[in-house]
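All letters in the sequence shown, in the order written, are residues 1 to 278 by UniProt numbering.
Worksheet: the structure to be examined is printed underneath.
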Amino acid sequence: MTHFYPDPFLHSIRSNMTEDVTPTPIIITSIDQLLGDIVENWTPRLHPLANPQYHILQGQYCRLELLNSKTNNKTIQQLYDAFKPTEKTHFTYLSYGPFKTIDEFKEFISLKELSSSDTILYSILVNDTAVGFIALASVNPEYGTIEIGHVNFSVQLLRTRSATEANYLLLHYAFDILGYRRVEWSCNALNAKSRRAALRLGFQYEGTWIKSDLSKGRSRDKSWFSIVDDEWVQLKQEFQRWLNPENFDNNGQQLIKLNAAQINPRSNKKKRITSSRI
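Put into structure tokens, the structure is as follows:
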């Protein structure tokens, strides 16, 4: 039997996740237990590495290429050199780095390649020069969930349209090509820059796991953010508007800022729910 939410609190939680403010039908079993929506005709999704056609993701301003043992030495050297000027601060919130030698960096790449069922590294190239790397991680084809992680932007890439496009290319690949239901973003709760980046891209804050793990001998709390498939339609349009060359002046400066944080339907629901309680 299908019913609407009998509990205002449960209704408010669920309405955050859907575009329509109308309560979403759920199933109540014969013993009055609430269940989630039925996902019809669901099949496990492909792994990101399943189709060689998408081992390179080409954008307007940057290109993502698999970063592994087959990557040429020139690209690896460029990446290693790109982070040298800021290595003392860049790796503060990461569980790895700084890399003392290029061989140590290569070893890191090889270790991630061994766990490629879970983590896929990509180098980010702008004008054929490697200026950062990023990854698809926590890959779960069975449930259609995946994470954007290992976001490492050098000073040449930070605060550029190529940096935003690199994230867009992975979101587009996950949602539009692979058909995943959820893309996550997690970071050290003290990493304010990563938290701001997630929110700017339209990810919604979901909570913080206290004492989630250890990083370089220190306790780490982990903050979680996400975008889900029914939010992506509107977010994709906003990314495409922002990335349009007409949105930038001759110096590459944006004319209108990215409004993904405000456009995400979940964000708008939170505002409406909050205002209704005042």
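Idealized CB from N, CA, C, for every residue including glycine.
query	result
Might you give, ordered along the chain, the residues of its own chain that have their beta carbon closer than 7 Å to the beta carbon of residue 318, omitting 5 neighbours on each side?	In the structure as shown, the chain begins at 1 and stops at 278. Residue 318 is therefore absent and cannot be evaluated.
Are there 16 or more other CB atoms within 10 angstroms of the CB of residue 136, so buried, or fewer, so exposed?	buried
Please state whether DSSP places residue 231 in a helix, a strand or coil.	helix
Use the C-beta contact count for residue 164: other C-beta atoms within 10 angstroms, 16 or more gives buried, fewer gives exposed.	buried
So, with DSSP's three-state summary, where would you put residue 237?	helix
For the UniProt domain "N-acetyltransferase" (78-221), list the alpha helix (DSSP H) runs that are entirely contained and at least 4 residues long, ordered along the chain.	87-90, 102-114, 161-172 and 192-200
Just to confirm, is the Cβ distance from residue 151 to residue 118 under 9 Å?	no
By DSSP, does residue 42 sit in helix, in strand, or in coil?	coil
Skipping 5 residues on each side, what residues in its chain have a beta carbon closer than 8 Å to that of residue 54?	48, 173 and 177
Applying the criterion that 16 or more other CB atoms from any shown protein chain within 10 Å of the CB defines a buried residue, is residue 33 buried or exposed?	exposed
Tell me whether residue 262 sits in a helix, a strand or coil according to DSSP, three-state version.	helix
Determine, for residue 85, whether the minimum Cβ-Cβ distance to residues of chain D falls below 9 Å.	Looking at the structure shown, chain D is missing, and only one protein chain is on hand.
Going by the beta-carbon positions, is the gap between residue 226 and residue 182 smaller than 9 Å?	yes
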